[in-house]
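K.L.:
Numbering (the numbering used here), first residue to last: 2 to 137.
All residues carry an ideal CB built from backbone N, CA and C; glycine is no exception.
I'd like to ask you about the structure that follows.
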Amino acid sequence: MNIYDNDNNELSPLRTMPKTIDAVHFNRVRLALRRISNPLQIALPRHRGLVMILDDKEWLCVDSFHEDRLILAWRSFQTSHRQTIHKPISCMLSFYHMHAGLIMGSAIEHLSQVLALQLEEVRPHSIKEGKTSSIA
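Written out as structure tokens, the structure reads:
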């Protein structure tokens, strides 16, 4: 069995399925990409060795203990007709490891928690103190 697509030498997933991502998690990643860095690499301490590599088009979960072996990939985010920020986002989720399904939900939740802490650190000082500016 060839694990690579013949056309572009890209790793072939074991399985790909439609998935929805809770708006809170999706919005937090988008905000982090804007405020921290794009692309962004985040370690998931509760998932030993797992690292998320994020950009606008895909979120990759890799095993840093095994030469950054691809475990999961969230792609094809359906945002083109998005009119609200509180509804879940549809995407395609690809599995590259036979046990990837065991961590797909907890990896996103943990990612969101780690990003919340990092976003708090980069939040502007005036917002941290609860100050707001008024426009006259």
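Pop quiz: residue 108 and residue 48 are said to be a contact at Cβ under 8 Å. What is the actual Cβ separation, rounded to whole angstroms?
P.N.:
Contact flag correct, Cβ pair sits at about 6 Å.
K.L.:
Tell me whether residue 14 is buried or exposed, calling it buried when 16 or more other Cβ atoms sit within 10 Å of its Cβ.
P.N.:
Residue 14 is buried by the Cβ-count criterion.
K.L.:
Out of 46, 54, 66 and 85, point me to the one whose CA is closest to residue 138's CA.
P.N.:
The question about residue 138 has no answer, for the chain in this structure spans 2 to 137.
K.L.:
Candidates 25, 116, 38 and 11: which alpha carbon is nearest residue 87's?
P.N.:
Nearest of 25, 116, 38 and 11 to residue 87, Cα basis: 25.
K.L.:
Roughly how many angstroms lie between the CA atoms of residue 118 and residue 68, to the nearest whole one?
P.N.:
If you take the alpha carbons of residue 118 and residue 68, they lie about 27 Å apart.
K.L.:
Enumerate in chain order the residues of its own chain whose CB-to-CB distance from residue 41 is below 7 Å, with the five nearest sequence positions on each side excluded.
P.N.:
For residue 41, where only same-chain residues beyond five positions count, the Cβ hits under 7 Å are 33, 34 and 55.
K.L.:
Among 124, 121, 106 and 123, which has the Cα closest to the Cα of residue 62?
P.N.:
Considering only alpha carbons, the answer is 106.
K.L.:
Using the C-alpha atoms, what's the distance from residue 37 back to residue 120?
P.N.:
So the two alpha carbons sit approximately 8 Å from each other.
K.L.:
Taking the DSSP output, what are the residues bridged to residue 90?
P.N.:
Answer by DSSP bridge pairing, in chain order: 22.
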